[in-house]
Structures are given as C-alpha cells and as structure tokens.
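Asks: Numbering (our numbering), first residue to last: 315 to 515.
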C-alpha cells in the first residue's frame, strides 16, 4: 500500500507543479486522446486507453484490457494509471523516417498497474495476480487530423502478488512461475488512436 500512496502522491505533486511551471509555454496540443493497444493482438489480448493532457508537459493515461473471451483459452484483465511527462514537441517530424506528422512528443512515464490472470502452461492451470509501480519511456506521433500513434517500453517489479497452481504442477512449474513473475513487470504498448480538443496556452 505504501508504494501505491507514494506513487499517487508523486503524480498529484507533479501535476500541480506542472500547472504553474508551464503557464508561460506557447504550445498547441490536443487535450484528449482515445487509443487502442494493438501490440496485444499478437497475444490474443485487447486494450483501450484514454489520455487527458493537463497542459503541454503533463498528462494522465488510463488504460484497461484483457484476453479476448471467445479466442483465448486464458482469462485475464488489467488496469493501469500512468502519469506522463512530455518533453518539448518536435514539429514536422517523420514517423519511421517516411511519414510527415504534425509533431512528435517523447515522454517519461510513471505508472501504477494491476494484473489478474487465470492462465495455462503445458495444460496446467494457474492463478496469478500482482500490482506494479513502474517507469517507462515512449514517443507519440500526432498528425494534423488527430490520428495518433504511440509506443512505450518500461518495467516495474511486482508487489502484493500471488502465484499458485490450481491442480497439477508441471515439471518445470517452479522455474516457470519464477520467470513469469519477473517477466510480468514488463510494460510495453503500441497504440493507434485519435486525438481531439486542440488547445493553445
């Protein structure tokens, strides 16, 4: 619980301080963004997110997702609250060096996440849930019409976690469980979305 309180307190502090420190900036930006995480499709997962820019430098990013119930044999859901700090935007940047965009933002990310999985390994079922406090870095590309591409990579070690096998334990069960818990802290995403509500201060 202390990790959660510390993270939330830090987010509030940065957002409050940022409101004052960025009043002199003259940047045009979109206040709202709806994004779909397409990176999870390769793992039979879906994800959706909403981002609100408090000002040009600071934003809150809310995300949720899970396993496709009609496709995946596993049951999963997860939630995340991200604080993003954006560096100065680069205007007329190019995505993949080819496609010209309105601007590109690089951002640092502090996040608080929760993950719950009813999984399967070699036919054996297991239950795993965990919370994470993590750090990450990423970039967002925005076109003039609001089309948005964003990607990020980060990590946060699990805490308040529990892993247990339902019935049988496979031969490599202990090793798999240890490795899975470590790997579960990895946070990555590739989203496609739409940004709207252009503001200028």
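C-beta atoms are modelled at their ideal positions from N, C-alpha and C, and glycine is treated no differently.
If I follow the unbroken alpha helix (DSSP H) through residue 436, where does it start and stop?
Replies: Where residue 436 is concerned, there is no enclosing alpha helix (DSSP H), given that its DSSP letter is neither H nor E.
Asks: Please go through the same chain and pick out, in chain order, the residues whose beta-carbon is closer than 7 Å to the beta-carbon of residue 375, but skip the five residues on each side of it.
Replies: 363, 365, 396, 398
Asks: If contacts are defined as beta-carbon pairs under 8 Å, then residue 352 and residue 505 qualify, I think. What distance do you get, rounded to the angstrom?
Replies: 7 Å
Asks: Taking the alpha-carbon positions, what's the residue 503 to residue 489 distance?
Replies: When the Cα atoms are used, residue 503 and residue 489 turn out to be separated by approximately 26 Å.
Asks: If you draw a straight line from the alpha carbon of residue 472 to that of residue 423, how long is it in whole angstroms?
Replies: 17 Å
Asks: Determine whether the beta carbon atoms of residue 517 and residue 409 lie at a separation below 8 Å.
Replies: The structure shown has nothing for residue 517, since the chain only spans 315 to 515.
Asks: Run through the DSSP bridge pairs and tell me what residue 347 is partnered with.
Replies: 365, 509
Asks: Between residue 370 and residue 343, which are expected to be in contact by the criterion C-beta below 8 Å, what is the C-beta distance as a whole number of angstroms?
Replies: 5 Å
Asks: Using beta-carbon positions only, say whether residue 282 and residue 380 come within less than 8 Å of one another.
Replies: Residue coverage of the chain in this structure runs from 315 to 515, which leaves residue 282 outside it and unanswerable.
Asks: How should residue 356 be labelled, buried or exposed, when 16 other C-beta atoms within 10 angstroms of its C-beta is the threshold for buried?
Replies: exposed
Asks: Rounded to the nearest angstrom, how far is the Cβ of residue 388 from that of residue 432, given a contact under 8 Å?
Replies: 6 Å
Asks: Could you give the distance in angstroms between the alpha-carbon of residue 418 and the alpha-carbon of residue 485?
Replies: 48 Å
Asks: Within a Cβ cutoff of 7 Å, which residues of the same chain sit near residue 480, ignoring the five residues on either side of it in sequence?
Replies: 439, 440, 441
Asks: Nearest by alpha-carbon distance to residue 425: which of 460, 405, 452, 413 is it?
Replies: Relative to residue 425, the option among 460, 405, 452, 413 whose CA is nearest is 452.
Asks: Report the rounded CA-to-CA distance for residue 394 versus residue 411, giving the unit in angstroms.
Replies: 31 Å
Asks: Quick one: is residue 498 buried, meaning 16 or more other Cβ sit within 10 Å of its Cβ, or exposed?
Replies: Taking every protein chain shown into account, the CB of residue 498 has 16 or more other CB atoms within 10 angstroms, so this residue is buried.
Asks: Going by Cα to Cα distance, which pick from 400, 354, 435, 449 is closest to residue 421?
Replies: Residue 421 has its Cα closest to that of 400, out of 400, 354, 435, 449.
Asks: Excluding five sequence neighbours on each side, which residues of the same chain lie with their C-beta closer than 6 Å to the C-beta of residue 446?
Replies: 427, 470, 472, 499
Asks: Compute the distance between the beta-carbons of residue 416 and residue 457, then report whether it is under 8 Å.
Replies: At the C-beta level, residue 416 and residue 457 come within 8 Å of one another.
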